[in-house]
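Colleague:
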Amino acid sequence: MFTFDLLINAVAAGLMLGGFYAAVAIGLSITFGQLDIVNIAHPTFVILGSFVAFVINESFGIDPVLIGVVFMPIFYFLGMGLYQIYYVSFEKTGQESLSGLAFFFGLMFILEVLMILAFGVDYRLVSAAYIGETLHIGPLDLPLRMLIPAVAATLMTIAVVLYMSKTFMGKAIMAVSQDRLALQLMGADPIRVKRIALGIAIATAALAGALLIIIQPVEPSVGRLYIGRIFAIVVLGGMGSISGTFFAAILIGVVESFIATFYGPSWAPAVGFGILLLTLAIRPQGLFGRA
Amino acid sequence: MRSFTIRKWKGRILASSLTITDVEAGYGSVRVLHGVSITVEDGESVVLLGSNGNGKSTLIKCITGIVRPSAGAITLDVDGVTTDLVGMAPQDIVGLGIAMVPEGRRLFPALSVEENLVLGAFRKEARPMIAENLDFVFETFPRLKERRGQLAGSMSGGEQQMVAVARALMSNPKILLVDEPSVGLAPILVSQMIAKIKELKDQRAMTVLMAEQNFNQAIKIADRGYVIVHGEIAYEGATAEDLSNNDMIKEYYLGA
Amino acid sequence: MSERILEVTGLTKRFGGFVALDKVSLHLDEGERLGLIGPNGSGKTTMINCISGALINDEGRVQFKGADITGLKAHKRAQLGIARSFQVPKPFGSMTVLENLCIPLEFAARGRTDPGAVEDQAMEILKMIGFEDRARENSAGLTQVDMRKLELARALAAKPALLVSDEAMAGLSASEVDDILEILFKLNATGVAVIMIEHIMRAVMRYSQRIIVLDAGQKIAEGTPDEVIHDPQVERAYLGE
Amino acid sequence: MKLDKFWIACIAILILGFVFTKNADNEFYFFTTYVILQGLVMAVAWNILGGFTGYVNFGAAGFFAVGVYTSVALNKAFGLPLPVILAVAGIIGGLLGLGAGYLTLRLKGVYFAIATLATALVIETIVNNWKYVGGAAGTYVLQPKQSFIFDNYIELLFMLMLVLSVAAVAISRYLSSSRVGKGLAAIRDDEVAAECMGVPTLRLKLISTTAMGVLMSIAGAPFPFFVTFVDPVSAFALLIAVNAIAMPMIGGTAYWYGPVIGALILGVVQETATVTISSELNLLIVGVLLVLFITMAPQGIVGVYHDWRKKRDAK
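Residue numbers (this note's numbering), protein chains in the order written: chain A, 1 to 291; chain B, 1001 to 1256; chain C, 2001 to 2241; chain D, 3001 to 3315.
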């Protein structure tokens, strides 16, 4: 049944979903879009963030969003270390593209299986007072378990956009894949710039993971569902434009929400991949591309 | 460690000069330079002349560390402190106050003009002076001020060359290296650009080394210069007149 | 009376708004040696990309041996007898020198090869340019001058009627330049027409029977080496105004 | 045609396999070997595109599942005999491969890899929603009663997969040593140079992707009869996609025998690990081995062996 209430609720759900997608995609937007590193394991780091939130929430009852924020620095160092391995093994020897891709593919499995070994394949949940509460505004229902992640994700996006546009390092990150040599001529060390960038990218996964487990129960292989979706968002968003990524995420969220509302939730996952394939085939530079 | 010594020099730099001795360099097993020696004294404008593919750009790249010489020495003298540049990374050499306007401009095409300029001030010593330097380059190139928000990649060739020069100035350099500023520019723009570089050099008391194939434009700003043919110094002109009155020049260029 | 082998008429190529080549015409006779020179960014490489089919021109026509080949794919042109060497050598890095030559022999020159094993023919070509002792070496590990030789040997293995040589000598020493020149002379002696793009003036002047000068996408001069050198427009293009 | 060592070995393997079915009783062996051989066919197929041509396919599971579900649908709709099912699965897989081949026109390297991944996941979503073949819930497939000249159906499937393996290896070996194979190697080394040397790059890439698609899809076609219960989780299993990449990478991608070696070694290790330890650990082993080989020995076991021999000869 197509009703007005259904429609605006679908839009609202899509906006919130899209906001959350931005949190997952923003890290990949930095790695894939800015650094040309195809971190296919990014969603798995997000799941890692979910399990960190799960473990700490269960043991100490701390709010999952707070856990996510607190763990960002730890994930940051994880990302810096990861770049160092990637740099030494692939970038330095000039075989980053395909071997690097396979490397992250392998890394994805290792992480996923380690989580399966540690936590099993059962779905895990977190608890917080607001999960289960819903805000009612007229005909609009805004479940807090969606609204809070969407708000947190939007704040994180704003923070990253500010960092990228206002700091020297942020601008250097934007520049490093455009012309690495020219960046050296500006006096910046591209390896350090990339290390910091991947650190930031993985740090966003810590919070994104915590947000994910607020929205839905999580098991280790859930991350794979996000691969196509976030690649679609990043490519659609114009490869590395953070604000473009945010709007692409919102777009995908709304479209998925519509599909789920009017056709059934099982078709929703194909939206991202379908849009990705179309984008790659028709307009590889994305919809919100700067260039 | 290096940055520590630089900090000591800050604010009381008196003189800076480059000495290049017997440099040999190339790409992989291609040897482009066969024992080149040149000097650039403080406050001079020195031009490297010669047609394409003879090694002018390679020499500039050796100075900034983009190409590592296989033999020879490149030393920078600043205020009596001598630094051997061979083996240093480009970002560290830039940190010493040497800026380069690369061939083909090499802007960050997907960043705005202003973002490009700000990145020029990345090195620590330049950051405190970013506001005044930005004012200065906007004054020098008013066109860039108008277009500060535009993506660098969407600018015309002449405007891009302005951005490249302005961006190099943002690092507050003592020595400015300019590599083939005329490439891809209409003749009228070449002449304007080279005049501008001369003007800037005088205003900011810089030392300039420029590689340029456009002989007649390059000698307009030259105090003296070298002609490089096939990786060797074919002629050293002690003055600009020396160069322009040399009837061998055409032979060097066209191999007649 | 020799035949026209290549006829390029009013060729225009744009990249976005940038006009890389603006209505350039050129022709080449069978067995002729043509030099194509001009300052950086004058459109030389774009021109040979349009001749070899790596790029398709926007306007104008390319005719080869009297047939219109405008719009034909690069591999078809190679099969018809247009070979090119690359400025930056592009060897098939996983293969030996000999195997590198087998690719054009089996693809570009298919149907035009002599009877007998492909490897023997590859070996003959290597012998002709004095390169046979490197036949079994892996191509990725060659020195720069040897890579250039391989580029030319591989182009030769395509059994071309026209060879386009893109800066085969950049960055080589004087004696190495002479080696490459000698190979190109030998090649031409077998009846192959050659278009040479080169920055090393000494080499182009010596090699070319006729020279065409491009500047900013336009043909500014054409003639014998001597005529071209004394052309004031050429002087302006190189020395500036 | 003279029989060379390769063909003698192939025939010997097929005869041995047949004798095995007549003498071994424990069905476990057939189950295990079937799984290893299925991995082998997938690895060999992957390598035709990934190793010979240089285009990485992350969507192996998608191609496999196309075979699986073609089989399920045809069996349910018409009850067709297995050979017909295999043929149709091959055609559909080939068409999908052909489509992937046209993708290479626009998408190079990383983008191609991501596009294949996306394709696989779109197929998965379609299957999840295709009620006729069981949708997300899955469906049971009955093994046919008669099993030809074999004692039971698993022996037949084992023999079928053995024949497929030999065929896949023969095709891969032919492709690598023929004129086509040389052209593919040229494309992998430098596509632009290849085109300029007269190599019809698009046509050869289409041959390569189509062969890959046919083989992967055919490898999946007997799967429903092997497991008797198919759902998207098993048809699109993670392990299938990883193995298709890991086996060639570990064995060595440059030669036709690389993926064979990789598949046999990794397959045996996996089957042993599954029985003796756990299936999760099995996945972990694949992941760790894959990452180790990519970082330490990108040429795989075959490459390590060649290096070792070169060093020995140099002494």
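By construction, the Cβ of each residue, glycine as well, lies at the ideal position given by its N, Cα and C atoms.
Looking at chain B, is there any beta carbon in it that lies within less than 8 Å of the beta carbon of L181 of chain A?
Modeller: Taking Cβ atoms only, chain B reaches closer than 8 Å to L181 of chain A, which makes this a yes.
Colleague: Does the distance from the C-beta atom of L198 of chain A to that of M115 of chain A stay below 8 Å?
Modeller: Going by C-beta atoms, L198 of chain A is not nearer than 8 Å to M115 of chain A.
Colleague: Rounding to the nearest angstrom, what Cα-Cα distance links I1006 of chain B and Q1217 of chain B in this structure?
Modeller: Bear in mind that a pLDDT of 32 at I1006 of chain B, under 50, signals an unreliable position, so the number given afterwards is only what the model happens to contain. I1006 of chain B and Q1217 of chain B: Cα-Cα distance of roughly 35 Å.
Colleague: Using the Cα positions of V2062 of chain C and L2011 of chain C, report the straight-line distance between them to the nearest angstrom.
Modeller: Between V2062 of chain C and L2011 of chain C, the C-alpha separation is close to 8 Å.
Colleague: Which bits of chain B does L185 of chain A rub up against, with CB to CB less than 7 Å?
Modeller: The answer, in chain order, is T1064, P1090, V1094, M1100 and P1102.
Colleague: Sort out for me which residues DSSP pairs G209 of chain A with in a bridge.
Modeller: Note: G209 of chain A sits in no beta bridge, so no partner.
Colleague: Could you tell me which residues DSSP puts in a beta bridge with M1210 of chain B?
Modeller: According to DSSP, which records beta bridges pairwise, M1210 of chain B is partnered with B:V1047 and B:V1178.
Colleague: Taking the C-alpha atoms as reference points, what is the distance between L181 of chain A and M1206 of chain B?
Modeller: Those two C-alpha atoms are separated by around 23 Å.
Colleague: E2007 of chain C by DSSP, collapsed to three states: which one?
Modeller: Reduced to three states, the DSSP call for E2007 of chain C is strand.
Colleague: Which residues of the region 1164-1186 of chain B have a Cβ closer than 9 Å to any Cβ of chain C? Give them in chain order.
Modeller: Listed by position along the chain: E1180, S1182, V1183, G1184 and A1186.
Colleague: Between the Cα of L2156 of chain C and those of C:M2169, C:A2170, C:K2186 and C:T2143, spot the shortest distance and give me the residue it belongs to.
Modeller: Minimum Cα distance to L2156 of chain C is reached at C:K2186.
Colleague: Given a cut-off of 8 Å, decide if I1063 of chain B and L1048 of chain B are closer than it, judged by their beta-carbon atoms.
Modeller: Taking 8 Å as the Cβ cut-off, L1048 of chain B and I1063 of chain B do not qualify as a contacting pair.
Colleague: Please report the Cβ distance between L2098 of chain C and A2122 of chain C, rounded to the nearest whole angstrom; I am assuming they are in contact, meaning their Cβ atoms lie under 8 Å.
Modeller: Yes, they are in contact, since the Cβ atoms of L2098 of chain C and A2122 of chain C sit about 5 Å apart, within 8 Å.
Colleague: My assumption, with CB atoms under 8 Å, is that D2166 of chain C sits in contact with S2085 of chain C. Please give the rounded CB distance.
Modeller: Contact holds; Cβ gap of about 6 Å.
Colleague: Would you check if there are 3 or more beta carbon pairs closer than 8 Å linking the region 2088-2103 of chain C to the region 3178-3197 of chain D?
Modeller: Contact between the region 2088-2103 of chain C and the region 3178-3197 of chain D is present, because at least three Cβ pairs lie under 8 Å.
Colleague: Should S3208 of chain D be labelled buried (16 or more other beta-carbon atoms within 10 Å of its own) or exposed?
Modeller: It counts as buried.
Colleague: Please classify R3203 of chain D as buried or exposed, where buried requires at least 16 neighbouring CB atoms within 10 angstroms.
Modeller: Its Cβ having fewer than 16 others within 10 Å, R3203 of chain D is exposed.
Colleague: Going by CA-CA distance only, name the one from B:L1096, B:G1087, B:G1153 and B:I1233 that's closest to K1056 of chain B.
Modeller: Comparing Cα positions, the closest option is B:I1233.
Colleague: For V1078 of chain B, which three-state DSSP category applies?
Modeller: Looking at V1078 of chain B - three-state DSSP - the assignment turns out to be strand.
Colleague: Output, in chain order, the set of chain C residues within a Cβ distance shorter than 9 Å of E3271 of chain D.
Modeller: Under the 9 Å cutoff, chain C gives no residues; its nearest Cβ is about 33 Å from E3271 of chain D.
Colleague: Beta carbon of G18 of chain A, beta carbon of I252 of chain A: below 8 Å?
Modeller: Yes, these two residues count as a Cβ contact at 8 Å.
Colleague: Could you please give the first and the last residue of the uninterrupted beta strand (DSSP E) stretch that includes T1039 of chain B?
Modeller: It spans V1030 to V1040 - the beta strand (DSSP E) in which T1039 of chain B sits, taken as one unbroken run.
Colleague: Beta strand (DSSP E) containing L3142 of chain D: first to last residue?
Modeller: First-last for L3142 of chain D: undefined, no H or E at that position.
Colleague: Below 7 Å on C-beta distance, what does M3249 of chain D contact in chain A?
Modeller: Here the neighbours are A102.
Colleague: Identify, in the order they occur along the chain, each residue of the same chain with its Cβ nearer than 6 Å to the Cβ of N3243 of chain D, setting aside the five sequence neighbours on each side.
Modeller: G3039, listed in sequence order.
Colleague: In chain order, which continuous runs of the alpha helix (DSSP H) of length 4 or greater are located wholly inside the region 3166-3246 of chain D?
Modeller: Listed in chain order, the complete alpha helix (DSSP H) runs (minimum 4 residues) inside the region 3166-3246 of chain D are 3179-3189, 3191-3196, 3201-3220, 3223-3227 and 3232-3235.
Colleague: Under 9 Å between beta-carbons, which chain C residues line up against G1026 of chain B? List them in chain order, please.
Modeller: In chain order: Q2144 and G2171.
Colleague: Starting from Y1235 of chain B, follow the beta strand (DSSP E) in both directions and report where the run begins and ends.
Modeller: Y1235 of chain B -> beta strand (DSSP E) spans E1232 to G1237.
Colleague: Taking 6 Å as the limit between beta carbons, can you name the residues of its chain near A1071 of chain B, skipping five residues before and five after?
Modeller: Closer than 6 Å at the Cβ level, and outside the excluded window around A1071 of chain B, lie E1024.
Colleague: Grab me the residues of F1004 of chain B's own chain with a C-beta within less than 6 Å of its C-beta, minus the 5 sequence neighbours each way, in chain order.
Modeller: Its pLDDT being 37, under 50, F1004 of chain B is placed unreliably in this model, and the value from its coordinates should be taken loosely. Excluding positions up to five away in sequence, the list is empty.
Colleague: Please return the same chain residues whose Cβ sits closer than 7 Å to the Cβ of T261 of chain A, not counting the five positions on each side in sequence.
Modeller: Closer than 7 Å at the Cβ level, and outside the excluded window around T261 of chain A, lie L6 and A10.
Colleague: Do the CB positions of V2192 of chain C and V2213 of chain C come within less than 8 Å of each other?
Modeller: No, they are not a contact pair.
Colleague: Any C-beta of chain A sitting closer than 8 Å to the C-beta of L1119 of chain B?
Modeller: Chain A contact via Cβ: present.
Colleague: With 8 Å set as the bound, which would you pick, yes or no: does the beta-carbon of M3001 of chain D sit closer than that to a beta-carbon of chain A?
Modeller: With a pLDDT of 49 at M3001 of chain D, under the threshold of 50, the predicted position of this residue should be treated as unreliable, though the coordinate-derived value follows. No - not a single Cβ of chain A is within 8 Å of the one on M3001 of chain D.
Colleague: Under a three-way DSSP split, which group does F1136 of chain B fall into?
Modeller: Looking at F1136 of chain B - three-state DSSP - the assignment turns out to be helix.
Colleague: If you draw a straight line from the C-alpha of L3014 of chain D to the C-alpha of L3239 of chain D, how long is it?
Modeller: Distance between the alpha carbons of L3014 of chain D and L3239 of chain D: 27 Å.
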